[in-house]
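In what follows, a single structure is set out as structure tokens and then discussed.
Residue numbers (my numbering): 82 to 193.
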């Protein structure tokens, strides 16, 4: 079982999850439960792919480090409020804006 939490819950995102996982989806308050899915990475990749295809560019799929069976669909601005900062090039997560900026310079100047 995998739980998906959506930071800005809306019908469009709910529909995306239903389209990806079909009949194995159930809704529990602010989260969506995938009862038959056990592979978190596979579920994350499927969600990332469909969010990209449908141009939900302001949202990302993140794993919960405290609960390995939980994924979150977060709006990019919301993740910064949690103290996490995303590289706009590779979506790597950093603990501070300074760390992210240093990392992004590597992309910008072509060292990596």
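The C-beta atom is built at its ideal place from N, Cα and C for all residues, glycine as well.
- request: Give the straight-line distance between the Cα atoms of residue 141 and residue 121, rounded to the nearest whole angstrom.
  value: 15 angstroms
query: If you check the beta carbons only, do residue 84 and residue 109 fall under 9 angstroms apart?
result: yes
Assigned exposure category for residue 179 - 16 Cβ within 10 Å defines buried: exposed
message: Suppose you measure from the CA of residue 103 to the CA of residue 162; what does that come to, to the nearest Å?
response: 32 angstroms
query: Roughly how many angstroms separate the alpha carbons of residue 185 and residue 157, rounded to a whole number?
result: 16 angstroms
- prompt: Using the C-alpha atoms, what's the distance from residue 92 back to residue 127?
  reply: 18 angstroms
- prompt: Three-state secondary structure (DSSP) at residue 130?
  reply: helix
query: Does the beta-carbon of residue 98 have 16 or more other beta-carbons within 10 angstroms, so that it is buried, or is it exposed?
result: buried
- prompt: According to the neighbour-count rule (16 or more other Cβ atoms, all chains shown, within 10 Å of its Cβ), is residue 189 buried or exposed?
  reply: exposed
query: If you draw a straight line from the alpha carbon of residue 123 to that of residue 182, how long is it in whole angstroms?
result: 30 angstroms
- prompt: residue 84 lies in the beta strand (DSSP E); which residues open and close that run?
  reply: 83-87
task: Return the residue from the list 125, 135, 116, 191 that minimises the CA-CA distance to residue 96.
output: 135
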